[in-house]
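Working notes, beginning with the structure itself.
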Amino acid sequence: MTYCVGLLLDDGLTMVADSRTNAGVDYISTYSKLHVLQPAPDRLFVLMAAGSLATTREVLDRIGRDLDQAINPRPSPYQQAPTATLLNVNYLFEAATYIGQVSLAVQNEHGPALRQAGVSAEASFILGGQIAGQAHGLFLIYPQGNAIAATRETPYLQIGESKYGKPALDRLAHTGLSLADGARLCLVSMVGAARSNLSVGPPFEVALCPRDQLSPSHLLRLEAGSPDLETISQSWGASLSSAFFSLPRFSWEPGNSQS
1322 MTYCVGLLLD
1332 DGLTMVADSR
1342 TNAGVDYIST
1352 YSKLHVLQPA
1362 PDRLFVLMAA
1372 GSLATTREVL
1382 DRIGRDLDQA
1392 INPRPSPYQQ
1402 APTATLLNVN
1412 YLFEAATYIG
1422 QVSLAVQNEH
1432 GPALRQAGVS
1442 AEASFILGGQ
1452 IAGQAHGLFL
1462 IYPQGNAIAA
1472 TRETPYLQIG
1482 ESKYGKPALD
1492 RLAHTGLSLA
1502 DGARLCLVSM
1512 VGAARSNLSV
1522 GPPFEVALCP
1532 RDQLSPSHLL
1542 RLEAGSPDLE
1552 TISQSWGASL
1562 SSAFFSLPRF
1572 SWEPGNSQS
């Protein structure tokens, strides 16, 4: 499993993914879950994935194949030229719909055999990005192929092992955060998830995408023990401890002036 979180901010997008994969406690490895796609100068897409690694890998391969066929058409008895690609969609929601359709096709192709083996083919995605002349956006693409968009009222989206990273987001996430503060908040959420769930862990990948820039300003990979990650983790833990011990005393506790 994995954990990915994206934040829709007034200034752009912050997207963070872990890179841990596991097939039981005796087999844990790392695999990139955050992918930057820039098929043309007028568009940027950042795609994060959770679920079946085989499904997400084939979805990315098919997206790449469709782009290649759109740019360099080559007749093939195995595939007709795609009608929709990330190169010719006009809206971000169309890109989310296209990725959902590709994901569903992969799951339908391999799902029956995998289910017989007791394995799920399901995968979910978070798509963030912008097409020139339009607002930036963030979409969660479900295994069933449909999608929902982040809003000002609900500015963050999660996939994977999300529950342990949710409390900090619920309290602190809002669209007025800076991209850097958004990255810190997503990493705090990621650290919380990793502390409570073995299937989430570093390296953590971070993409900061300023509004209207159409390219990431920062692409980071934070390894376990990296200074930035250690500082955030330790500072957050110390702040929580300090806040806890600063809570008001119960009326029945010794030394309480109200008792």
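Residue numbers for the sequence shown follow our numbering, so the first one is 1322 and each next one is one higher.
We put the beta carbon where it would ideally sit given N, CA and C, even for glycine.
Item, Value
"Rounded straight-line distance, which links the Cα of Val1427 to that of Ser1340", "22 Å"
"Every unbroken alpha helix (DSSP H) inside the stretch 1330–1415 [4 residues or more]", "1374–1392"
"Short Cβ contact (8 Å threshold) for Ser1352 with Val1521", "Residue identity differs from the one stated: residue 1352 is Tyr in this sequence, not Ser. Not closer than 8 Å, so no."
"Option in Val1337, Arg1570, Gly1385 with minimal Cα separation from Ile1480", "Val1337"
"Where Ser1445 falls, given that 16 or more other Cβ within 10 Å makes a residue buried", "buried"
"Between the CA atoms of Asn1409 and Val1423 - distance to the nearest angstrom", "15 Å"
"Contacts around Ala1371, its chain only, beta-carbon distance under 6 Å, and the 5 residues preceding and following it disregarded", "Thr1323, Cys1325, Ser1445, Ile1480, Gly1481"
"Contact set for Glu1379: own chain, Cβ-Cβ below 6 Å, skip 5 residues either direction", "Val1427"
"Arg1542 versus Ser1510: straight-line alpha-carbon distance, rounded", "16 Å"
"Val1326, DSSP secondary structure in three states", "strand"
"Contacts around Ile1544, its chain only, beta-carbon distance under 8 Å, and the 5 residues preceding and following it disregarded", "Going by the sequence as given, residue 1544 is Glu instead of Ile. Once the five neighbours on either side are set aside, the close Cβ partners of Glu1544 are Pro1523, Pro1524, Leu1550."
"For Ser1483, the nearest candidate out of Ala1514, Glu1474, His1495, Gly1333 (CA to CA)", "Ala1514"
"Proximity of Ile1452 and Leu1413 at Cβ, strictly below 8 Å", "yes"
"Reduced DSSP category for Gln1451 - H, G, I as helix; E, B as strand; rest coil", "strand"
"Length of the line joining the Cα atoms of Gln1437 and Glu1443", "14 Å"
"Reduced DSSP category for Ala1426 - H, G, I as helix; E, B as strand; rest coil", "helix"
"Rounded separation between Leu1506 and Asn1393 - CA only", "42 Å"
"Same chain, Cβ closer than 7 Å to Leu1365, neighbours up to 5 away in sequence not counted", "Gln1359, Gly1450, Gln1451, Cys1530, Leu1535, Ser1536"
"Per DSSP, the bridge partner or partners of Arg1542", "Glu1526"
"CB contact flag (Leu1459, Leu1478, <8 Å)", "yes"
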